[in-house]
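Worksheet: one structure, shown below.
Residue numbers (the working numbering), protein chains in the order written: chain A, 1 to 411; chain R, 412 to 822.
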């Protein structure tokens, strides 16, 4: 089963922003067993919309347009698609009534442009929009389903989940895709594929995709063999078992979860609390931990001590340790971790001190040199890392390495 | 002048990641006056590559492929494009020699797949790659320039800046685009366009694009009138002047700069230092400040105090203030700002306390209620905000509002 996604909007081509609706759509379609071998971003122009639709219709089972359904003059998706298919547009009284009500509520007048949002190509199905003015539309053209969906993510996402996917599943009789996910932390991304490819390559009925981001690797395994659910899961589980065997404690989740979420869950299960003392990461560790709703249950607080004097002042690091070993050193990491644990009373004190660059490196301690410290009831440990990448990458790798260390210590 | 960008790679369609090379390319092309009314992401499949190239060649002056030049079996861009154009591939001795050297250096053997990276379509120009194994290729097909460029951003970006854009400028005699940028902070995005559109709409020779992200709005103005540089800049400057007049101190930059960068520069100019006390933002303010290289010049440190006891312990907030007003209140924001300023000796103490959600809201203080505090030599001030959005958006808006307040106080 094949889909094509066509994002319409001149602004998507001219502003420095990645188009993410199509990423969401391709993932959702994949979950119901539909491949998207091509996607497009086209300007709000009839010619581009016609050409894209023309090529898409040659093979696609499902074509999804997003964007260009708004009330401004630029928004021409509805008219362009209807024109290409030779369908007339009629004003839909139901939509018109809802539009009128909505505009009245905000004390606004309905203009001619607004009225265009009530136009529906003959024979099309209207898909109501709970979060905006432009309804979605479904046109059945021979065997192809053509969807016209709104561009704003907060309108699009719920419409896709609640209406579009169920419609496709029903009309195209698709079945769910069988897949497994493995998340890995604390390994050099460049080495992981070399270790794993001999394992997953042996499974010809399973498609493997690997996504790396600094310090985190996500593996997706998709079943593409015969239509037998128990065989699929037997093979998928067998492969995941072998991957876990090879990677050991580096596998931190078997679903698509973020590392701080897993760390938070472990802390909560064990009724432990965490506090952070950060230098080079500048608050990134605590930011990642507190991205998670409910983190106040286990995160008590932290200190960002960028200068030496703050390490002394806020954390009680011994000035002579700083002088003897330098701020980026194992003894300072240890004293930072102990200091924050002591000051906050948290079960675990976690520290990061390092050189994120671009300046500040030396031959002895090049950019990317990072020390982590962890203090808990058993005592204090430190780790030295040498991390590749630019400033932002070194900071992200450091923060994730620190959180992964907490995870490993609790697993 | 018209370009089409075709990103090749099955992984771009199947992994939850936005494709960003094309955003970079479209922006760079726009700067030399080339429009990109369509871009594509296609799988590593001959059919999709042929169809995209076929349609692109109908009108484009420049076609840029990215990706699919690597050494693995999947990578077929080179062969597919040459096949479509009827060009034979020859092994290039210069590339072959560099490949051999590179692999020897890493102690690796050159496989048949690796050798494919040395293949060049007849008549094509080789564009050397300083950062990887796959060179870029330029094929001149009638009047159209077809570029085949590597996918990894750290190989692509320098190749585009240093080689591809100069080649296009020379061969297509393009001229730079005349544009101006305005960045706005601390305004509700939904209201800004209503205020500005009557102003910029009056300039028919200027194209305006508006990009909003939580708390920040970026306006780009592109000249599309006649080919007269002094007229272009006279009109662009006139429009920017009117925009600044309307938005006043909310305009924080007239180039594409980040807010923390501007705040850092102001602090450095005035020889002031900053320290932060964060509750709901959980370290995000200090993270944003320290994303900037050299921030240790003006950022001394901060405290993340998620719990009430930490506000007392680490910042000296009075327990009776917490009890009387609650942690999310103006008096607590004031004491946090004073506390961090006092403990660190920074010139400016900046605090954030609020309810980021999804839980924790009440009728009196709903989710999105945020208090900022600023303490400096003149005294202490606070601000109350009610910010829309989910947890991550409220946090980002809060952090940016806090930084913008510092900017305004220094401007």
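For every residue, glycine included, the Cβ atom is placed at its ideal position computed from N, Cα and C.
Pairwise C-alpha distance: residue 188 (chain A) and residue 488 (chain R):
29 Å
When we look at the beta-carbon of residue 501 (chain R) and count the other beta-carbons within 10 Å, is it buried (16 or more) or exposed?
Exposure of residue 501 (chain R) is indicated by the presence of fewer than 16 other C-beta atoms within 10 angstroms of its C-beta.
Of the residues A:370, A:380, A:411 and A:376, which one's Cα is nearest the Cα of residue 395 (chain A)?
A:370
In chain order, what residues of the same chain have a beta carbon less than 8 Å from the beta carbon of residue 298 (chain A), not counting five sequence neighbours either side?
264, 267, 268, 272, 273 and 274
To the nearest angstrom, report how far apart residue 455 (chain R) and residue 308 (chain A) are at their CA atoms.
52 Å
Note down, in chain order, each residue of its chain lying with its Cβ closer than 6 Å to the Cβ of residue 625 (chain R), except the 5 sequence neighbours on either side.
804, 807 and 808
For the stretch 310 to 377 of chain A, which segments carrying the beta strand (DSSP E) assignment without a break, of at least 3 residues, lie completely within its bounds, in sequence order?
348 to 354 and 369 to 376
Restricting to Cα atoms, I'd like to know which of A:59, A:58 and A:52 is closest to residue 65 (chain A).
A:52
Please identify, using Cβ separations under 9 Å, the residues of the stretch 438 to 462 of chain R that lie next to chain A, in order along the chain.
Here the close residues are 438, 441, 446, 447, 448, 449, 450, 451, 452, 453, 454, 456, 458, 459 and 462.
Classify residue 528 (chain R) as helix, strand or coil using the three-state DSSP reduction.
helix
Taking Cβ positions only, does residue 607 (chain R) come closer than 8 Å to chain A?
Cβ-Cβ to chain A under 8 Å: no for residue 607 (chain R).
Listed by chain order, chain A residues near residue 644 (chain R) by CB distance under 9 Å
Residues of chain A passing the Cβ test: none, with the nearest at roughly 20 Å.
Alpha helix (DSSP H) containing residue 168 (chain A): first to last residue?
165 to 172
Strictly below 9 Å CB to CB, what residues from chain R border residue 262 (chain A)?
Near residue 262 (chain A) there are no residues of chain R at all, since even the closest Cβ is about 18 Å away, more than 9 Å.
If we define contact as Cβ-Cβ less than 8 Å, is residue 769 (chain R) a contact residue for chain A?
yes
Near-chain R residues of the stretch 73 to 97 of chain A (beta-carbon distance less than 8 Å), N- to C-terminal order
none
On the criterion of 16 or more Cβ atoms from any shown chain inside 10 Å, does residue 376 (chain A) qualify as buried, or is it exposed?
When all chains shown are included, residue 376 (chain A) counts as buried.
Please list the partners that residue 713 (chain R) has in chain A, where partner means a Cβ-to-Cβ separation under 7 Å.
283 and 304
Which residues, taken in chain order from the stretch 194 to 228 of chain A, show a beta carbon closer than 9 Å to some beta carbon of chain R?
207, 209, 210, 211, 213, 218, 220 and 222
In the DSSP assignment, find the beta strand (DSSP E) that holds residue 820 (chain R) and state where it starts and stops.
Unbroken run through residue 820 (chain R) is the alpha helix (DSSP H), 802 to 821; no beta strand (DSSP E).
Could you check what DSSP says for residue 541 (chain R) in three-state terms: helix, strand or coil?
coil
Check whether the Cβ atoms of residue 597 (chain R) and residue 745 (chain R) sit closer than 8 Å, and answer yes or no.
Contact check for residue 597 (chain R) against residue 745 (chain R) fails: the beta carbons are separated by 8 Å or more.
Out of A:323, A:337, A:11 and A:290, which one is the CA nearest neighbour of residue 67 (chain A)?
A:11
Along chain R, which residues have their Cβ under 9 Å away from the Cβ of residue 286 (chain A)?
For residue 286 (chain A), the C-beta contacts it makes with chain R under 9 Å involve 689, 693, 694, 695, 697, 698, 715 and 717, in order along the chain.
Taking a Cβ distance cut-off of 7 Å, strictly less, list which residues of the stretch 777 to 792 of chain R are near chain A, in chain order.
none
Contact with chain A by residue 710 (chain R), beta-carbon distance below 8 Å
yes
Taking the Cβ atom as the reference point for each residue, do residue 326 (chain A) and residue 304 (chain A) lie within a distance shorter than 8 Å?
No. Outside cutoff.
Express the C-alpha separation of residue 553 (chain R) and residue 223 (chain A) in angstroms, rounding to a whole number.
45 Å
C-alpha distance - residue 743 (chain R) paired with residue 755 (chain R), whole-angstrom precision
So the alpha carbons of these two residues sit roughly 18 Å apart.
Which same chain residues end up closer than 7 Å to residue 99 (chain A) when comparing Cβ atoms and leaving out the 5 residues on each side of it in sequence?
110, 114, 117, 118 and 133
Please report the distance separating the alpha-carbon of residue 259 (chain A) from that of residue 278 (chain A).
Using only the alpha carbons, I get a separation of about 18 Å.
Going by beta-carbon coordinates alone, are residue 3 (chain A) and residue 49 (chain A) separated by less than 8 Å?
no
Taking only beta-carbon atoms, is residue 310 (chain A) less than 8 Å away from chain R?
yes
Any 3 or more C-beta pairs closer than 8 Å across the stretch 581 to 588 of chain R and the stretch 601 to 614 of chain R
no
Member of R:495, R:585 and R:631 whose CA lies at the smallest distance from the CA of residue 623 (chain R):
R:631
Based on Cα-Cα distance, which residue from R:700, R:537 and R:432 lies nearest to residue 548 (chain R)?
R:537
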